[in-house]
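>
2 protein chains.
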Amino acid sequence: MGQHTVTSFDQELENLDRLIRDMGEIASEMTQTATRALLYSNTALAQRVISDDVVMDAKQRELDERAITLIAKRQPMAQDLRAVVGAIRMAADLERIGDLAKNIAKRVGAVGGNAPRGLTQPIETMANMVLEQVRLVVDRYVTRQDEALTKLRDEDEKIDIQYTSVFRELLTYMMEDPRNITACTHLLFCAKNLERIGDHVTNIAENAYYVLTGLQLPVQRPKQDEMTVSS
Amino acid sequence: MGQHTVTSFDQELENLDRLIRDMGEIASEMTQTATRALLYSNTALAQRVISDDVVMDAKQRELDERAITLIAKRQPMAQDLRAVVGAIRMAADLERIGDLAKNIAKRVGAVGGNAPRGLTQPIETMANMVLEQVRLVVDRYVTRQDEALTKLRDEDEKIDIQYTSVFRELLTYMMEDPRNITACTHLLFCAKNLERIGDHVTNIAENAYYVLTGLQLPVQRPKQDEMTVSS
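Chains as they are written, first to last, in the numbering used here: chain A, 2 to 232; chain B, 2 to 232.
1. Can you have a look at residue 79 of chain A and say buried or exposed, based on whether 16 or more other CB atoms are within 10 angstroms of its CB?
2. Consider the Cβ of residue 60 of chain B: report whether some Cβ of chain A lies at a distance smaller than 8 Å.
3. Pull up the distance between the alpha-carbon of residue 186 of chain A and that of residue 72 of chain B, whole angstroms please.
4. Using the rule of at least 16 other Cβ atoms within 10 Å of the residue's Cβ for burial, across every protein chain shown, is residue 138 of chain B buried or exposed?
5. Measure from the C-beta of residue 175 of chain A to each C-beta in chain B and report whether the shortest distance is under 8 Å.
6. Taking the straight line between their C-alpha atoms, what separation do you get for residue 41 of chain B and residue 103 of chain B?
7. To the nearest angstrom, how far is it from the Cα of residue 227 of chain A to the Cα of residue 101 of chain B?
8. I'd like the list of long-range same chain contacts for residue 22 of chain A, defined as Cβ closer than 7 Å, with 5 residues on each side in sequence excluded.
9. Quick one: Cα of residue 235 of chain A to Cα of residue 124 of chain B, how far?
10. Kindly indicate if chain B contains any beta-carbon less than 8 Å away from that of residue 80 of chain A.
11. So, is residue 1 of chain B buried or exposed, given that buried needs 16 or more other C-beta atoms within 10 angstroms?
12. According to a CB-to-CB cut-off of less than 8 Å, which residues of the segment 29-63 of chain A neighbour chain B?
13. From the beta carbon of residue 93 of chain A, is the nearest beta carbon of chain B less than 8 Å away?
14. By the 10 Å Cβ neighbour count, where 16 or more other Cβ atoms means buried, how is residue 58 of chain A classified, buried or exposed?
15. From residue 2 of chain A to residue 219 of chain B, what does the alpha carbon distance come to, in whole angstroms?
16. Within the same chain, show all residues whose beta-carbon is closer than 8 Å to that of residue 210 of chain A, passing over the 5 residues directly before and after it, in chain order.
17. State buried or exposed for residue 29 of chain B, treating a residue as buried only when at least 16 other CB atoms are found within 10 Å of its CB.
18. From the DSSP output, in three-state form, read off residue 76 of chain B for me.
19. Please confirm if the segment 183-198 of chain B is in contact with the segment 115-133 of chain B, defined as three or more CB-CB distances below 8 Å between the two stretches.
20. Where does residue 92 of chain B land, buried or exposed, given buried means 16+ other C-beta within 10 angstroms?
21. Residue 204 of chain A: which of A:178, A:112 and A:97 sits nearest, CA to CA?
22. What number of angstroms, rounded off, separates the C-alpha of residue 109 of chain B from the C-alpha of residue 178 of chain B?
23. Three-state secondary structure (DSSP) at residue 11 of chain B?
24. Spatial neighbours of residue 33 of chain B within its chain, please: C-beta separation below 6 Å, excluding the five flanking residues on both sides.
25. Are any of the Cβ atoms in chain B nearer than 8 Å to that of residue 186 of chain A?
26. Span of the alpha helix (DSSP H) holding residue 111 of chain B?
27. Step through the CB atoms of chain B and report whether any lies within less than 8 Å of the CB of residue 165 of chain A.
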């Protein structure tokens with residue numbers, strides 16, 4: 002295989018990385034904007050998130066097409082094949098993060114400024130934790146920091162704990178005053194979406210680690226979440 | 002390309018189809034069992050769903066590996082490449098259906114037999130609608146009924162309507178008696194999961210149609226769901 006072909010394959014891998022980075026930036030932006038839209042009842046911001054999702058979907062399609070063409074044309078082996086397949090998987094998770102942010106944005110109207118004031122801070126805290134994770138996972142992948150990726154999964158546990166706390170607070174508001182119930186059920190789905198974004202970050206960290214090292218991260222810890230808040 | 006090679010490629014495509022069929026059966030079974038476990042507070046059934054998810058994940062990994070190897074080894078073009086990539090996408094949706102069923106199963110303990118009686122029928126109706134869709138989409142794909150696939154998407158609208166009705170009933174129970182709130186929030190997530198299983202069926206129908214015809218189904222209708230039940 003000539004030098005030219007090798008360089009060109011690397012170039013194509015870099016193109017995939019660039020798309021992953023773009024998608025990561027859009028995912029962070031969508032998550033942040035959707036949360037602001039929700040907490041400050043801003044429908045213009047919500048609309049922007051809904052439009053961004055179209056861009057996100059287009060990026061994923063572009064990445065998928067490039068990756069599949071690359072596999073078919075070049076028949077990469079071992080590490081190269083792992084990198085291409087890993088990119089497809091990471092893109093799928095980033096696209097799902099966009100969908101979850103869009104779903105938060107779509108609930109802005111239904112909550113309609115009726116979110117209990119006391120919930121702004123805890124939801125914002127949770128969103129910031131999630132946002133930081135989305136940024137870190139993409140950054141650590143594109144800068145090849147495999148060891149640092151392992152820490153992200155532990156951080157996800159903190160998000161789950163914060164989610165459980167928000168879940169409990171939401172239940173309390175609903176029990177206190179039935180007029181809170183409609184807005185709070187939508188906030189419940191929003192908090193759940195943030196928690197699920199955290200889960201997708203964990204998936205991305207696992208895939209990125211596998212791409213970089215060829216190894217699996219150890220089997221995941223059992224999740225602690227709102228299901229432990231029973232009856 | 003010799004006859005032997007051609008036959009063998011078809012054989013490998015058939016293997017992918019067999020895995021899709023297996024995954025479809027597991028997905029239906031998991032959805033049905035999880036719903037029964039939830040409505041009749043049966044933790045042994047719930048546990049079975051959680052174990053089945055391990056089988057589902059293994060099937061998806063097998064399909065992914067076979068598909069990627071097939072692309073790398075054979076460099077399929079046009080329709081063949083579409084079939085292999087389509088199989089990867091359908092498998093991802095079926096695996097997600099398994100995850101959603103597992104999530105329902107994991108809520109059985111938290112609901113703990115406290116589901117309002119009046120909700121059994123509406124949730125069961127919704128689950129049956131979803132179940133029928135999961136079975137039909139896989140059947141129509143493996144028997145190459147492309148026209149029949151287009152109808153599945155319209156059926157999904159009926160699921161969304163049933164979901165909105167269940168959502169409203171849940172809100173009513175919560176407003177009537179705060180003691181219903183904890184169980185009802187978990188049921189809300191379960192109903193949402195069923196609705197999302199319906200969305201994955203729609204994705205599968207779109208992918209299957211594309212694999213069989215090379216055409217996209219027309220752009221999807223706007224969704225009608227609980228977000229229209231606002232303030």
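For every residue, glycine included, the Cβ atom is placed at its ideal position computed from N, Cα and C.
Well, looking at it:
1. In the assembly as shown, residue 79 of chain A is an exposed residue. Its beta-carbon has fewer than 16 other beta-carbons within 10 Å.
2. The beta carbon of residue 60 of chain B sits no closer than 8 Å to any beta carbon of chain A.
3. Residue 186 of chain A and residue 72 of chain B have their C-alpha atoms roughly 45 Å apart.
4. With 16 or more other Cβ atoms inside 10 Å of its own Cβ, residue 138 of chain B counts as buried.
5. Yes, its Cβ sits closer than 8 Å to a Cβ of chain B.
6. Roughly 16 Å separates the two Cα atoms.
7. Computed Cα separation, rounded: 16 Å.
8. If we look at residue 22 of chain A and ignore the five residues flanking it on each side, its Cβ neighbours are 139 and 143.
9. Examination of residue 235 of chain A is not possible in this model, given that chain A is present from 2 through 232 alone.
10. Interface annotation, residue 80 of chain A: not in contact with chain B, CB-CB separation never under 8 Å.
11. For residue 1 of chain B there is no data in the structure shown, the boundaries of chain B being 2 and 232.
12. From the segment 29-63 of chain A, no residue has a Cβ closer than 8 Å to chain B.
13. Judged by the 8 Å Cβ criterion, residue 93 of chain A is in contact with chain B.
14. So residue 58 of chain A ends up on the exposed side.
15. The predicted position of residue 2 of chain A is uncertain, since its pLDDT is 45 and thus under 50; a value taken from the coordinates is nonetheless stated next. Between residue 2 of chain A and residue 219 of chain B, the alpha-carbon positions lie close to 44 Å from each other.
16. Closer than 8 Å at the Cβ level, and outside the excluded window around residue 210 of chain A, lie 147, 150, 151, 216, 217 and 218.
17. Flag for residue 29 of chain B reads buried.
18. The answer is coil: DSSP assigns residue 76 of chain B none of H, G, I, E or B.
19. By the C-beta criterion, the segment 183-198 of chain B is judged to be in contact with the segment 115-133 of chain B, since at least 3 inter-stretch pairs fall below 8 Å.
20. Counting Cβ neighbours within 10 Å, residue 92 of chain B comes out buried, since at least 16 surround it.
21. Nearest C-alpha to residue 204 of chain A: A:97.
22. Distance between the alpha carbons of residue 109 of chain B and residue 178 of chain B is about 21 Å.
23. In the structure shown, residue 11 of chain B falls within a helical segment according to DSSP collapsed to helix, strand and coil.
24. Taken in chain order, the residues that qualify are 132.
25. Proximity of residue 186 of chain A to chain B, defined by a Cβ-Cβ separation below 8 Å, is satisfied.
26. DSSP places residue 111 of chain B in the uninterrupted alpha helix (DSSP H) bounded by 109-112.
27. Not one chain B Cβ lies under 8 Å of residue 165 of chain A.
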